[in-house]
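See structure below.
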Amino acid sequence: MDQFTLNLIVVGATFALYIGIAIWARAGTTSEYYAASRGVNPIVNGAATAADWMSAASFISMAGLIAFVGYGNSSFLMGWTGGYVLLALLLAPYLRKFGRFTVPEFIGDRFYSTTARIVAVICLLVISITYVIGQMTGAGVAFSRFLEVQNTTGLLIASTVVFIYAVLGGMKGITYTQLAQYCVLITAYTIPAVFISLQLTGNPVPPLGLFSTHAESGLPLLSKLDQVLTELGFHDYTGHHASKLNMFLFTMSLMVGTAGLPHVIIRFFTVPKVADARKSAGWALVFISLLYLTAPAVGAMAKLNIITTIYPDGTAEEPIRYDDKPDWMENWAQTGLLSFEDKNDDGRIQYYNDRSEEFAPIAEARGWEGNEIVTFNQDILVLANPEIAQLPGWVLALIAAGGLAAALSTAAGLLLAISSAISHDLLKSVFMPKITDKQELLYARISMAFAIALATWLGLNPPGFAAQVVALAFGLAAATLFPALMMGIFSKKMNTQGAVTGMLVGLIATLLYIFTYLGWFFIPGTNMLPNEPDYWLFGISPLSFGAVGAILNFASAVVVMKMTKAPPPEIQDLVESIRVPRGAGTAVDH
Amino acid sequence: MTLDKSAAAYWSANLRIIGICLVIWALVSFGFAILLRPLLAMLPITIGGTDLGFWFAQQGSMITFVILIFYYTWYMNRLDRKFGVEEE
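Protein chains in written order, with numbering that gives the first Met the number 0: chain Z, 0 to 589; chain X, 0 to 87.
Below, the structure is given as structure tokens:
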């Protein structure tokens, strides 16, 4: 059986499973549709949250993202996990106690203002829509890569599958499909990782392998990696080569942003009790860490493995001949993710850092005329692993299913956050408050269909800034929703004026800073300053600005609060009541 | 009145434990893994051929985060019962 058929069978089987779950978990009420009737086991919710959270980018790109920079990109690991501590300690239990369906609903009720609710809806839509574009394009790319269909066809298949289970099952359907998707993606990620770890270090546990001995050289794996990289003119892997302030702020922005992402927060509305919300955040982080501890190991090992394949006798000796390169390099060269060019016509593949001035004399002395791996897509480190480790075809098929599971699960979570903000926060609360539960359920489904159509259209016509959008979503979540939610819980005196000012200041300041360097609405050429460290305010990268936006949000909210009227007593009582777990059962469903 | 006092005491006990957990949260990530890494590197401890700060950046902070959440959950369940505010 050829690889393509195998991919089709495995991916087809997982899709059949998701749709089967959706039919079983149909939603009959708005409570089921928005919050799975708050009956989700906290461990199940943890796994669903992990799938909701880990996108196609986490699955396919993260190992490479870390491997190509080394220590400096540890920000992603710490940032994308540290946010769960903030969620568990500062938000999830209280929002669960409050017992409503959406994030803007909490903001609207707590700040007793429809304006606050609408501002929150705007923030949510900007955050979630920018985020979903990346997921849809990711799903399209994954389909075209694994199933040999056009990007467009891939995207349409992905939308159809999400449409079936999200429109039918709402949160309930999404929760149980996400559980299945987590199982698929973690299995797919772990199997090749175990084999590459065994191959390089003899240790079957990849995170342990990363810090153990490289079997071939007898050196610690990381020392070996540092050594070969510096010998080829690259930065060492474990060293730090960028601004500490930026790394600090970037990590902070990712953490605070993670805790403020609406599609993650609403997952904690589905558990039965307040205590479950805390526990569930812990389980979510366990399930996420299984992948996030493995990813840096996979990245470092795959990178070392590729370099030692190219330089079989050590970096001081001649690299491998083009004719002798392994089959997997040939296979991936056909996809365009890898490409070679024999610049000095010696028939051998020179891989080195041709931008390093210090290394230039060495390269010249060896007769090298430039780095000959012209394209080296970071995704290779995950995608080519099964072939590098010479694993059977079904493992590659599993990787295909895993990548698609990661993309679909995140897209579905985002689409639910978008559609519930439209149907519950705009239609039900502002425009047509008289509709019945049944009618609202219908509108929720229509909103979902509309959100999927919009996301598909944006996925087909990406605004040309796909790479920046996810970072933008984190920055905005950090600068708008997180501070508003936190102050709503931790300050009894925070009022409408303060919260609305804070959200608007955070939103506008962050957008302005990003647009200044990346162009107005990301249109190339419209940036007012070059996006280079010399021009950044205090050396702060636009991607790290979310943390600053959050500080501006907090500060302006407090100043305005001091100058305006305190919230009414019943709101202060409401804050008192969400701070204690007792009574969460009665707060359910209004 | 006693009930109100108890609610205030419950909240301040909660704030205290949140504060402690967040200090550890910041120490392992922003501290050990980023800002204090050069200091940590002066210790005669190496792990897998590199310094402790690198380990905290790639694994140690995440593991600490997981422990922190479960510890907080356990602590709060106990606190909820102590103040009689646990869920029925």
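From the three backbone atoms N, C-alpha and C, an ideal C-beta is built for every residue, glycine too.
What in chain X is Cβ-close to residue i, meaning under 7 Å?
i	result
Z:THR80	MET61 and PHE64
Z:SER288	MET61 and VAL65
Z:LEU292	GLN58 and MET61
Z:PRO482	Neighbours of Z:PRO482 on chain X: none; closest Cβ ~15 Å, over 7 Å.
Z:LYS278	THR72
Z:THR237	THR49 and PHE53
Z:LEU285	As written in the sequence, residue 285 of chain Z is Val, which differs from the Leu given in the question. Correct list: VAL65.
Z:VAL263	What Z:VAL263 touches in chain X: nothing, since even the nearest Cβ is about 14 Å away.
Z:GLY281	VAL65, ILE68, PHE69 and THR72
Strictly by DSSP, which residues pair up with residue i?
i	result
Z:SER338	Z:THR374
Z:PRO219	Z:THR212
Z:ASP533	Z:ASP533 is not bridged to any residue.
Z:ILE126	Looking at the DSSP assignment, Z:ILE126 forms no beta bridge with any residue, so it has no partner.
X:THR45	X:ASP50
Z:ARG347	Z:ARG320
What residues of chain Z sit near residue i, judged by a beta carbon separation below 8 Å?
i	result
X:LEU51	Under the 8 Å cutoff, chain Z gives no residues; its nearest Cβ is about 11 Å from X:LEU51.
X:ILE17	LEU88 and LEU89
Chain Z partners of residue i, CB-CB under 9 Å?
i	result
X:ALA12	Those within 9 Å of X:ALA12 in chain Z number zero; the least Cβ separation is about 11 Å.
What does residue i reach in chain X if we use C-beta pairs closer than 9 Å?
i	result
Z:ALA274	THR72, MET75, ASN76, ASP79, GLU85 and GLU86
Z:LEU94	Simply none; closest approach about 15 Å.
Z:SER222	GLY47, GLY48 and THR49
Z:TYR83	PHE64, VAL65 and ILE68
Which whole-angstrom value is the C-beta distance of residue i and residue j, which I expect to be below 8 Å?
i	j	result
Z:ALA420	Z:LEU123	5 Å
Z:VAL102	Z:THR269	That belief does not hold up - the Cβ atoms of Z:VAL102 and Z:THR269 are roughly 14 Å apart, past 8 Å.
X:ILE44	X:LEU51	5 Å
Z:PHE194	Z:GLY45	With 8 Å as the limit, Z:PHE194 and Z:GLY45 do not qualify as a contact, their Cβ atoms being about 27 Å apart.
Z:LEU221	Z:ALA299	7 Å
Z:LEU154	Z:LEU459	6 Å
Z:PRO567	Z:TYR111	7 Å
Z:THR229	Z:HIS213	Not confirmed; about 16 Å, so no contact.
Z:SER418	Z:ALA454	Not confirmed; about 10 Å, so no contact.
Z:VAL84	X:PHE82	At roughly 23 Å, the Cβ-Cβ gap does not stay under 8 Å, so Z:VAL84 and X:PHE82 are not in contact.
Z:ALA24	Z:TYR175	5 Å
What residues of chain X sit near residue i, judged by a beta carbon separation below 8 Å?
i	result
Z:TYR594	Given that chain Z is displayed from residue 0 to residue 589, the structure contains no residue 594 of chain Z and the question cannot be resolved.
Z:PRO295	GLN57 and GLN58
Z:LEU218	GLY48
Z:TYR188	The contacting residues do not exist; Z:TYR188 stays about 16 Å from chain X at best.
Z:LYS243	ILE33 and LEU34
Whose Cβ in chain Z lies nearer than 7 Å to the Cβ of residue i?
i	result
X:ALA6	GLU575 and VAL579
Is residue i near the ligand ZN, in the sense that its beta carbon is under 8 Å from a heavy atom of that ligand?
i	result
Z:ARG266	In the structure shown, the ligand ZN is absent, as is every other ligand, since no ligand is present at all.
At least 3 beta-carbon pairs within less than 8 Å: the region 10-19 of chain Z vs the region 424-443 of chain Z: no
Under 8 Å (Cβ pairs) to chain Z, residues found in the region 23-44 of chain X: Hits within the stretch, in order: TRP24, SER28, PHE29, ALA32, ILE33, LEU34 and ARG36.
Inter-stretch contact (C-beta, 8 Å, three-pair minimum) for the region 201-219 of chain Z and the region 70-79 of chain Z: no
Under 7 Å (Cβ pairs) to chain X, residues found in the region 52-77 of chain Z: Result list: TYR70, SER73, LEU76 and MET77.
Under 7 Å (Cβ pairs) to chain X, residues found in the region 245-259 of chain Z: MET246, PHE247 and THR250
Three-pair Cβ contact test at 8 Å for the region 505-519 of chain Z versus the region 438-456 of chain Z: no
Chain-ordered residues of the region 539-559 of chain Z with a beta carbon less than 7 Å from chain X: none
Interfacial residues, the region 204-215 of chain Z to chain X, with Cβ spacing under 8 Å: PRO206, LEU209, PHE210 and SER211
Contact between the region 284-298 of chain Z and the region 59-70 of chain Z (3+ Cβ pairs under 8 Å): With the cut-off at 8 Å, the region 284-298 of chain Z and the region 59-70 of chain Z touch.
The region 186-197 of chain Z / the region 393-406 of chain Z touching (three or more Cβ pairs under 8 Å): The region 393-406 of chain Z and the region 186-197 of chain Z touch, with three or more beta-carbon pairs separated by less than 8 Å.
Sufficient close CB pairs (3 or more, under 8 Å) joining the region 320-330 of chain Z to the region 374-388 of chain Z: yes
The region 476-484 of chain Z touching the region 544-554 of chain Z, judged by at least three CB pairs closer than 8 Å: yes
Contact between the region 366-377 of chain Z and the region 337-344 of chain Z (3+ Cβ pairs under 8 Å): Judged by Cβ distances under 8 Å, the region 366-377 of chain Z makes contact with the region 337-344 of chain Z, as three or more pairs qualify.
Inter-stretch contact at 8 Å, needing at least 3 Cβ pairs: the region 244-255 of chain Z / the region 152-159 of chain Z: Contact between the region 244-255 of chain Z and the region 152-159 of chain Z is absent, because fewer than three Cβ pairs lie under 8 Å.
Sufficient close CB pairs (3 or more, under 8 Å) joining the region 235-248 of chain Z to the region 134-151 of chain Z: no
contact_flag[the region 529-540 of chain Z, the region 231-239 of chain Z] where n(CB pairs < 8 Å) is 3 or more: no
Three CB pairs or more closer than 8 Å across the region 404-416 of chain Z and the region 121-141 of chain Z: In short, these stretches touch, since the Cβ pair count reaches three.
Under 9 Å (Cβ pairs) to chain X, residues found in the region 378-398 of chain Z: none
The region 17-37 of chain X touching the region 64-84 of chain X, judged by at least three CB pairs closer than 8 Å: Yes, the region 17-37 of chain X touches the region 64-84 of chain X.
Inter-stretch contact at 8 Å, needing at least 3 Cβ pairs: the region 429-437 of chain Z / the region 139-146 of chain Z: no
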